[in-house]
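Undergrad:
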Amino acid sequence: FPFFFDPDFNAKLEPIDLGSATTQEDDKDQRWDKSSVHAFEGTYGDYLLGKVGKVFPELGKKEL
42 FPFFFDPDFN
52 AKLEPIDLGS
62 ATTQEDDKDQ
72 RWDKSSVHAF
82 EGTYGDYLLG
92 KVGKVFPELG
102 KKEL
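In terms of the numbering used here, the sequence shown is numbered consecutively and its last residue is 105.
Here it is as structure tokens:
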């Protein structure tokens with residue numbers, strides 16, 4: 042996601058149909074958090090709060 046893109050917290054994240062375009066391989070093993078953006082299911086709020094909780098675990102326990 043671009044930094045300026047901020048959907049509603051309740052928006053369900055779904056892949057965009059690219060037609061015949063090739064898809065990128067899942068790179069979760071190279072990502073810092075070892076999670077797959079291709080396999081995520083849930084809302085944007087779930088995704089964002091999960092990321093924030095990984096970077097700031099104490100904040101996640103108290104506030105998120």
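Ideal Cβ positions, reconstructed from N, Cα and C, are used throughout, including at glycine.
The structure presented is a predicted model; accordingly, all values stated were derived computationally and were not measured.
1) Do the CB positions of ASP74 and LYS95 come within less than 9 Å of each other?
2) Ignore the nearest five residues each way along the sequence and tell me which others in ARG72's own chain have a CB closer than 6 Å to its CB.
3) What did DSSP end up calling LYS69 once you bin it into helix, strand or coil?
4) Can you tell me which of VAL93, GLY86, SER61, ASP68 puts its alpha carbon nearest to the alpha carbon of ALA80?
5) From this set, ALA62, ILE57, ASN51, ASP49, which residue's C-alpha is nearest VAL78's C-alpha?
TA: Straight from the coordinates:
1) Counted from its first residue, the sequence shown places residue 74 at position 33. Counted from its first residue, the sequence shown places residue 95 at position 54. Result yes, Cβ atoms of ASP74 and LYS95 sit closer than 9 Å.
2) Sequence index remark: in the sequence shown, residue 72 carries index 31 (1-based). Around ARG72: no qualifying Cβ.
3) In the sequence shown, residue 69 corresponds to position 28, counting from 1. LYS69: coil per DSSP, three-state reduction.
4) As a first step, residue 80 must be located in the sequence shown, where it is residue number 39. The shortest C-alpha separation from ALA80 is found at ASP68.
5) For this step, residue 78 is matched to residue 37 along the sequence shown. Comparing Cα-Cα distances from VAL78 to each of ALA62, ILE57, ASN51, ASP49, the minimum goes to ILE57.
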